[in-house]
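Novice: A single structure is presented below for examination.
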């Protein structure tokens, strides 16, 4: 998380230390995202996933759909356009699993039983 935060601060939308045109940095950023997704996929224990496949799929759907709908509803409530409201919901839905390790560590999640 520290690397992401530093990249955000140093990037072109905060301090702008490296300017707007940076093809090598953009390439390395894309490569880093791909490596992050690759390593996350390598960490998955497929045998364990298959044992709890229905619960895992249900958990994934619920942790995506509920924040998406709630975020969209809040966006519409605050008079954003439909597209903007959906983007707000999508942002919430894509960040729900950041808290999963904390919840799992406290033993308050059904995912901790997977």
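Numbering (the numbering used here), first residue to last: 1 to 114.
Beta carbons: idealized from backbone N, C-alpha and C, even for Gly.
Does DSSP put residue 56 in a helix, a strand or coil?
Specialist: DSSP places residue 56 in helix when its eight states are reduced to three.
Novice: Quick check on residue 81: does DSSP put it in helix, strand or coil?
Specialist: If DSSP states are grouped into helix, strand and coil, residue 81 belongs with coil.
Novice: Exposed or buried, what is residue 112 when buried is set at 16 or more other beta-carbons lying within 10 Å of its beta-carbon?
Specialist: For residue 112, the pLDDT reaches just 46, beneath the cut-off of 50, and the residue's location in the model is therefore unreliable, although a value from the coordinates is still provided. So residue 112 ends up on the exposed side.
Novice: Taking only three categories from DSSP, how would you classify residue 9?
Specialist: Residue state, collapsed to three classes: helix.
Novice: Is the separation between the beta-carbon of residue 105 and that of residue 91 shorter than 8 Å?
Specialist: Contact: no.
Novice: The alpha helix (DSSP H) with residue 26 in it runs from where to where?
Specialist: Unbroken alpha helix (DSSP H) run through residue 26: 23-42.
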